[in-house]
Amino acid sequence: MKNNLYPGLIKKFGTPLFVLNEEKLISQFGKITASFKKYYKDTIVAYSFKTNYVPYICKVLYANGAYAEVIPGFEFALAKKLKIPGAKIIVNGPYKPEGELNEIINYDCRINVDNKTELLIINKLAGKLHKNIGIGIRLNAIVGEELWDKFGFNIESNEAYNIAEMIKNELKNIHLSGVHMHIGTNIIHPIEYEKAVFKVIKFIKEIIDDFNINLDYIDIGGGFPSTGAHSKEYKRSEWIVPKIEEYAKLICTPLSKLSTSIHHKPLLILEPGRYIVDDAVSLLAKVIAIKNTSNKNIVFLDAGVNIIPDALFREHHINTFKKTGEKEEYLISGPLCMQSDILIDKIKLPKLSVGDVVEIQGMGAYTISNASEFIRYKPALVAIHNGESRCIRRKETLADIIKTDSKIIFKK
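With the sequence shown counted from 1, adding 134 to any position gets you my numbering.
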């Protein structure tokens, strides 16, 4: 995206301002799709709505071939409102209320079951509808340092095996049609996916041999990292993001061998969010004050952790638009009345002045979804495509904040 568009946008919308690079969004979706299809042709890429559920973004990705991965609640409602058919919606999450599950089943979505209670509810609902429904089960296994054992059924303890047996022998209104595993987020070591795939394959072979179950799909989740910000669990020098093709090769190669050995080829489903949208969105913010205290150069921006909540655990890259000049070490702070409103500490940047505008990168993933109107209004979001800009979400107002409050409060 050409930075020469920014002055006009700032004049029209002010700062802070989210900016979507639509070409980058589409390009990232195309890259991950092409990389995986190169190694495993029968691949579906389902965009993770929770990562950034701005309707415009979801609609653009669907128009370019993405399926939708949603959590019950308003994400499922949004997918329906965007007229995404149930056959192209994957439903995940640990909480699927019975009423919503009934609607999801009737809409013919693909459901990945998280727990036994949910499994029994689906079996009951399917019986009332006189249907036999294919479902997936979420798996968890020891892969990296952290086990995401809050979700799904464990492989090592045989919990997942026992659930598969129960589905086969006891639950007459459902059948096992897929498995799902999401091992984490911001994973910069592709080998962890290969370890996960081998554990999934071993499990699949066991249930095929013991229960004669033929799966329609294998859902490997998401978690692929982006480049515009890095996890604070790593030093800046250690944050090296591999190319998406490295992930594709390590995931797809063993799956291709599995499909040969079991004489059919399950569909591969991916659920990326961060990789697709994170680097496609940036935030323009203005320097509102600079002070030196406790031997620190503190820069105050007009954007804080209210709209960049992940600054607590991710360090975003900053572009100052200054190509030359002496660098200074700064603590970058937001405008909130909170000591914890710190965006980045000990970062060297070209010398800043009050009124300068900076571009904070890696703003697409979980930033807009988790932003709040704490003290300051949420900013507008502008999309740029083919050199043209359009406001796809206006700046928040007081009327937006109080619209759910009783009108009696504001009567004279």
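Cβ atoms here follow ideal geometry from the backbone N, Cα and C, with glycine treated the same way. In this text, all values refer to a predicted model and were calculated from it rather than measured experimentally.
Among I354, I317, S395 and N138, which one has its Cα closest to the Cα of K339?
The sequence position of residue 339 within the sequence shown is 205, counting from 1. K339 has its Cα closest to that of S395, out of I354, I317, S395 and N138.
Would you be able to state if there are at least three C-beta pairs under 8 angstroms between the segment 200–212 and the segment 419–428?
no
Three-way DSSP call (helix, strand, coil) for Y250 in this model
Locating residue 250 in the sequence shown gives position 116, counting from the first residue. Here residue 250 is Lys; the residue named in the question, Tyr, does not match the sequence. Helix.
Other residues of its chain near S390: CB distance less than 8 angstroms, five sequence neighbours each side excluded
In the sequence shown, counting from the first residue as 1, residue 390 sits at position 256. Excluding positions up to five away in sequence, the list reads Y173 and Y174.
Contact set for P150: own chain, Cβ-Cβ below 7 angstroms, skip 5 residues either direction
One-based indexing of the sequence shown puts residue 150 at position 16. The answer, listed in chain order, is L417, L418, A419, D436, A437, I441 and P513.
Name, in chain order, the residues that DSSP records as bridge partners for V421.
Walking along the sequence shown from the start, residue 421 turns up at place 287. Paired residues: L435.
Taking the DSSP output, what are the residues bridged to D353?
Here residue 353 corresponds to residue number 219 of the sequence shown, with the count starting at 1. Note: D353 sits in a beta bridge opposite H314 and I403.
For N346, does the three-state DSSP call read helix, strand or coil?
Your numbering for residue 346 matches position 212 in the sequence shown. In this structure, N346 counts as coil in the three-state DSSP scheme.
Run through DSSP, which three-state label would S395 get?
Indexing the sequence shown from 1 puts residue 395 at position 261. S395: helix per DSSP, three-state reduction.
Go through its chain and collect everything with a Cβ distance to L263's Cβ below 8 angstroms, but skip five positions before and after it.
If you number the sequence shown from 1, residue 263 lands on position 129. Within the same chain, L263 has close Cβ partners I239 and N240.
Would DSSP call T167 helix, strand or coil?
As a working note, residue 167 is residue 33 in the sequence shown. Note: T167 maps to helix in three-state DSSP.
Identity of the residue in G233, N236 and P228 nearest K250 by Cα:
Within the sequence shown, numbered from 1, the residue matching residue 250 stands at position 116. Of the candidates G233, N236 and P228, the one whose C-alpha sits nearest the C-alpha of K250 is P228.
Tell me, please, which residues DSSP counts as bridged to N426.
Numbered from 1 along the sequence shown, position 292 holds the residue referred to as residue 426. Answer is N431.
Output yes or no for whether 8 angstroms exceeds the beta carbon distance between N320 and S371.
Taking the sequence shown and counting its residues from 1, one reaches residue 320 at position 186. Taking the sequence shown and counting its residues from 1, one reaches residue 371 at position 237. Not closer than 8 angstroms, so no.
Tell whether a beta-carbon distance below 8 angstroms holds between V179 and P406.
For the purposes of this step, residue 179 is taken as the residue at position 45 of the sequence shown. For the purposes of this step, residue 406 is taken as the residue at position 272 of the sequence shown. Their beta carbons are under 8 angstroms apart, which means V179 touches P406 by this criterion.
Go to R527, then tell me how far its beta strand (DSSP E) extends in each direction, as first and last residue.
As a working mapping, residue 527 is identified with position 393 in the sequence shown. Looking at the DSSP string, the run of the beta strand (DSSP E) that includes R527 is E522 to R527.
Straight-line Cα distance separating W373 from L384:
Mapped onto the sequence shown, residue 384 falls at position 250. Mapped onto the sequence shown, residue 373 falls at position 239. One C-alpha to the other measures close to 20 angstroms.
Pull up the CB-CB distance for A499 and L477, whole angstroms please, since I reckon it's below 8 angstroms.
By one-based count along the sequence shown, residue 499 stands at place 365. By one-based count along the sequence shown, residue 477 stands at place 343. Actually they are not in contact, since the Cβ atoms of A499 and L477 sit about 16 angstroms apart, beyond 8 angstroms.
Give a yes or no on contact between the segment 276–290 and the segment 310–329, applying the rule of three or more CB pairs nearer than 8 angstroms.
yes
Mapping the DSSP letters down to three states, classify V188 as helix, strand or coil.
Translated into the one-based positions of the sequence shown, residue 188 becomes position 54. The answer is coil: DSSP assigns V188 none of H, G, I, E or B.
Compare the beta carbon distance of C243 and I223 with 8 angstroms and say whether it is the shorter of the two.
Here residue 243 corresponds to residue number 109 of the sequence shown, with the count starting at 1. Here residue 223 corresponds to residue number 89 of the sequence shown, with the count starting at 1. In this structure, I223 lies closer than 8 angstroms to C243 by Cβ.
Might you give, ordered along the chain, the residues of its own chain that have their beta carbon closer than 7 angstroms to the beta carbon of E75, omitting 5 neighbours on each side?
Only positions 135 to 546 of the chain appear in this structure, which leaves residue 75 out of reach.
Simplified DSSP assignment, three categories, for S360
For the purposes of this step, residue 360 is taken as the residue at position 226 of the sequence shown. Three-state DSSP puts S360 in coil, outside helix and strand.
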